[in-house]
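K.L.:
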Amino acid sequence: MQYFKYKSQNDGTKGPRLLGQIFLASGIVVILTAFFVELDTAPVKIALVGGGALVLGIFLSSINSGILFDFRNKKFKEYQKILWFESGEWVELPEINHAEIIHHTYRTSFIPNGITPTFNGLITIYKVVLLADGTKFLALDFATEKDAVAGLEVIKERLGI
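Under the working numbering, the residues of the sequence shown are numbered 1 to 161, in order.
(1) Using a Cβ-Cβ cut-off of 8 Å (strictly less than) and excluding sequence neighbours within five positions of S109, which residues of its own chain qualify?
(2) Roughly how many angstroms lie between the CA atoms of F137 and F36, to the nearest whole one?
(3) What's the call for E143, buried or exposed, on a 16-neighbour Cβ count within 10 Å?
(4) Quick check on the DSSP output: the alpha helix (DSSP H) that includes F23 runs from which residue to which?
(5) Of the choices I96, I46, K127 and W84, whose alpha-carbon is the least far from that of T105?
(6) For S61, name the three-state secondary structure that DSSP assigns.
(7) Is G57 buried or exposed, if buried means 16 or more other CB atoms sit within 10 Å of its CB?
(8) Let's test the definition: count the other Cβ atoms within 10 Å of the Cβ of L163 and tell me whether it reaches 16, buried, or not, exposed.
(9) The alpha helix (DSSP H) that contains D141, what's its start and end?
(10) Y6: buried (16+ other C-beta within 10 angstroms of its C-beta) or exposed?
(11) How is the alpha helix (DSSP H) around R158 delimited, first residue to last?
(12) So which of I46, V55 and F76 has the shortest CA-CA distance to F23?
(13) Going by other Cβ atoms of all chains shown within 10 Å of its Cβ, with 16 needed for buried, is I63 buried or exposed?
(14) Ignoring anything shorter than 4 residues or poking outside the stretch 37-91, list the alpha helix (DSSP H) runs there in chain order.
(15) Just the C-alpha distance for I96 and S87, rounded to the nearest angstrom, thanks.
(16) Using the three-state DSSP reduction, which class does L131 fall into: helix, strand or coil?
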């Protein structure tokens, strides 16, 4: 395979995707409620509200971004994707001479606001760091060490490092 697709974990789209899943669930609940409960609301209104929530939910749930590597042509692109539309421009991949995994552990601290619960704790992110000419070129974040090791092995194999 000539491609390696990395889906970004910390790209700022977790919120919209979660909101999309909430819209999907609420659209399904609205439509199913009309089948099981007798309502005075017109069926067209129920279909518009439920269908609108479903369409908006599908749209928001499909948002993601990442990096696509083309090892055969020595290119990469950072992409953003909504539904099946993908945007991003191919850029030449520099000569990568080293790749390694770095463990980054930090403490989360959310400020309590009196409404939502506050979660504090240690989080570990596994970063695959690609070095070009001795400087950091790119860092890919993974949630588990197993995924980071698998990604590093694929990248090293395809780059011939």
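Ideal Cβ placement from N, Cα and C applies to all residues, glycine included.
A quick note: this is a predicted structure, and the numbers were derived from the prediction, not measured.
P.N.:
The relevant details are as follows:
(1) The residues are N120.
(2) The straight-line gap from Cα to Cα measures roughly 57 Å.
(3) Note that residue 143 is Ala in the sequence shown, not Glu. Answer is exposed; the Cβ neighbour count stays below 16.
(4) Following the DSSP letters along the chain, one finds F23 inside the alpha helix (DSSP H) bounded by residues K14 to F36.
(5) The residue with the shortest Cα to Cα distance from T105 is K127.
(6) If DSSP states are grouped into helix, strand and coil, S61 belongs with the helices.
(7) By the neighbour-count rule (16 or more Cβ atoms within 10 Å), G57 is buried.
(8) Because the chain in this structure spans residues 1 to 161, residue 163 falls outside the shown range and cannot be described.
(9) Careful: D141 lies outside any alpha helix (DSSP H), inside the beta strand (DSSP E) at T135 to F142.
(10) By the neighbour-count criterion, in which a residue is buried when 16 or more other Cβ atoms sit within 10 angstroms of its Cβ, Y6 is buried.
(11) From DSSP, the alpha helix (DSSP H) with R158 extends over E145 to L159.
(12) The closest CA to that of F23, considering only I46, V55 and F76, is found on V55.
(13) Around the beta-carbon of I63, 16 or more other beta-carbon atoms lie within 10 Å, marking it buried.
(14) Here the runs fully enclosed are 43-61.
(15) Near 25 Å, if we compare the C-alpha coordinates of S87 and I96.
(16) For L131, the three-state secondary structure derived from DSSP is strand.
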